[in-house]
């Protein structure tokens, strides 16, 4: 919230509400912290008085619809697993790379221009032969990035240049053409943006996007992949869980020497920590065509919502 007055106002209203965090699991600490700050009455072990809570926070798929039956006013942080939104077709698919790629491929057929940002992809083992055929017919020695279908935090990701380097070709993995010439910041560091959003409703579609987010940086300077450096994931992957283990990692909330040092940039309310501030000091090449960094917002606003509806 922008002002203390606004926060006090929300806190006064929140004190009349309850939250069940008994299934928050790894979200428990941060959810409890926010609940306490807002003044919510927390039930860390669930309620035993037969009454429903106003809010239920689950770290996994929401199966318990009894709470919704008890009180139509109850809110949950995930869409429930029902006959309409099943565990094999719904929110859980958003975190699986193959299912998401299938959905984006469908959207690319409908909106080819808007979805050209997504790299060529193959999911194995189903499309392993097609990937081999592509490599055999390719005239340039491209690099590819391989990701476990249900992996997270950078675990199991690696780079390859030919099909013979694929580990466990029978396992469910996604292969994508590696973008070897990415937009870099600071001293040739790869980065990504993490922006958080809340999907309030599917029909009608209603989404709230946070004004603040986070920029994550690699902790090693980027060089085009080669046989001498393709195993250096600190230069290729921005995952915090990976880079925090690097000796070069510096945890900071401010820019050091105009980003000459590798840092994790936490974008808060300070103008100096926003991407707008960086671009004002480091304007992009005006002659560059299709600057992906500046097109992100329009892609999200005008196109990505269609993919979300399609997936769900």
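In the numbering used here, the protein residues as written are 4 to 315.
All C-beta atoms, glycine included, are put in the ideal place defined by N, C-alpha and C.
This structure is a prediction, so every number in the text was calculated from the model and none was measured.
Excluding the 5 residues flanking residue 131 on each side, which residues of the same chain have their C-beta closer than 6 angstroms to its C-beta?
172
Going along the chain, which residues of its own chain have a beta-carbon closer than 7 angstroms to the beta-carbon of residue 187, five neighbours each way excluded?
193, 225
Given that a residue counts as buried once 16 or more other Cβ atoms are within 10 Å of its Cβ, and exposed if not, what is residue 266?
For residue 266, the pLDDT reaches just 40, beneath the cut-off of 50, and the residue's location in the model is therefore unreliable, although a value from the coordinates is still provided. Label assigned to residue 266: buried.
For residue 192, three-class secondary structure by DSSP
strand
What's the C-alpha gap between residue 213 and residue 197?
10 angstroms
Over the uninterrupted alpha helix (DSSP H) stretch that includes residue 111, give me the two end residues.
100-113
Residue 150 and residue 99 - do their beta-carbons sit closer together than 7 angstroms?
no
Start-to-end residues for the alpha helix (DSSP H) that takes in residue 236
236-239
Can you tell me which residues form a DSSP beta bridge with residue 23?
46, 59
Status (buried if at least 16 other CB within 10 Å, exposed otherwise) for residue 220
buried
Since residue 122 and residue 183 are thought to touch, with beta carbons under 8 angstroms apart, how far apart are those beta carbons, to the nearest angstrom?
Contact doesn't hold; Cβ gap of about 11 angstroms is too wide.
Top-ranked residue by Cα proximity to residue 37, from 23, 50, 48
23
Using a Cβ-Cβ cutoff of less than 6 angstroms, which residues in the same chain neighbour residue 222 once the five nearest sequence positions on both sides are dropped?
237, 246, 249, 251, 252, 265
Apart from the five residues on each side of it in sequence, which residues of its chain come closer than 6 angstroms, Cβ to Cβ, to residue 97?
none
CB of residue 40 within 7 angstroms of CB of residue 62, strictly
no
In angstroms, rounded to a whole number, what distance separates the CA positions of residue 54 and residue 21?
10 angstroms
Taking the alpha carbon of residue 102 as the reference point, which residue from 115, 145, 56, 152 has its own alpha carbon closest?
152
Going straight from the alpha carbon of residue 115 to that of residue 234, what length do you get?
33 angstroms
Rank 211, 175, 46 by C-alpha distance to the C-alpha of residue 128 and give the top, closest one.
175
I think residue 146 touches residue 199, with their Cβ atoms under 8 angstroms apart; what is that distance to the nearest whole Å?
With a Cβ gap of about 31 angstroms, residue 146 and residue 199 do not count as contacting.
Look at the alpha carbon of residue 230 and the alpha carbon of residue 162, and state the distance between them as a whole number of angstroms.
10 angstroms
Between residue 48 and residue 25, which are expected to be in contact by the criterion C-beta below 8 angstroms, what is the C-beta distance as a whole number of angstroms?
5 angstroms
Between residue 46 and residue 205, what straight-line distance do the alpha-carbon atoms span, to the nearest angstrom?
28 angstroms
What separation, rounded to the nearest whole angstrom, lies between the Cα atoms of residue 156 and residue 112?
30 angstroms
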